[in-house]
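To keep things clear, I will list the structure first and then write my remarks on it.
In this note's numbering, the protein residues as written are 1071 to 1210.
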């Protein structure tokens, strides 16, 4: 079950709309992950493995403890979706890479997660540009 992203009462209509959008996005992401036998965390990790990554780098990107990433990687490794390889620039450390099966599963997940594409399709090209500009401004 997705955790609500917003407070019980938003202070503005814009804040409520943002919370509603984030909640709908989270629910759709969780649904797509579940359809492919993944947890949300596993789908997030697979999505970040377009290039080899270290465990610390993944933990930092996900904003979690390295031990959490270790558990996620172990589960993905058990399903042959990722592998650990020696880091060529530092042989003391390991990098995580997706396997062919991991690539295929993530491609299927990505294709099924249509929430953002469907939401954007409700807007004109001009509105899409405005939304992108406003979101970038809000995140600045």
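Glycine included, every Cβ here is placed at the ideal spot set by N, Cα and C.
Alpha carbons only, please: which of the options is nearest the one belonging to residue i?
{"i": "residue 1153", "options": "1135, 1173, 1138, 1159", "result": "1173"}
{"i": "residue 1209", "options": "1163, 1191, 1088, 1118", "result": "1088"}
{"i": "residue 1183", "options": "1083, 1086, 1085, 1097", "result": "1097"}
{"i": "residue 1124", "options": "1149, 1168, 1178", "result": "1168"}
{"i": "residue 1185", "options": "1102, 1138, 1139", "result": "1102"}
Does DSSP put residue i in a helix, in a strand, or in coil?
{"i": "residue 1162", "result": "strand"}
{"i": "residue 1124", "result": "strand"}
{"i": "residue 1149", "result": "coil"}
{"i": "residue 1104", "result": "helix"}
To the nearest angstrom, how far is the alpha carbon of residue i from that of residue j?
{"i": "residue 1100", "j": "residue 1093", "result": "11 Å"}
{"i": "residue 1109", "j": "residue 1202", "result": "29 Å"}
{"i": "residue 1117", "j": "residue 1176", "result": "7 Å"}
{"i": "residue 1071", "j": "residue 1086", "result": "Low confidence applies to residue 1071: its pLDDT is 45, below 50, so where it sits in the model is not reliable enough to give any reading."}
{"i": "residue 1160", "j": "residue 1114", "result": "25 Å"}
{"i": "residue 1119", "j": "residue 1143", "result": "11 Å"}
{"i": "residue 1084", "j": "residue 1170", "result": "42 Å"}
{"i": "residue 1164", "j": "residue 1192", "result": "44 Å"}
{"i": "residue 1198", "j": "residue 1090", "result": "18 Å"}
{"i": "residue 1026", "j": "residue 1162", "result": "Because the chain in this structure spans residues 1071 to 1210, residue 1026 falls outside the shown range and cannot be described."}
{"i": "residue 1150", "j": "residue 1079", "result": "44 Å"}
Tell me, which residues are paired with residue i by DSSP?
{"i": "residue 1157", "result": "1160"}
{"i": "residue 1167", "result": "1153"}
So, under 8 Å CB-CB, residue i and residue j are touching, yes? Tell me the CB distance rounded to an integer number of Å.
{"i": "residue 1112", "j": "residue 1146", "result": "6 Å"}
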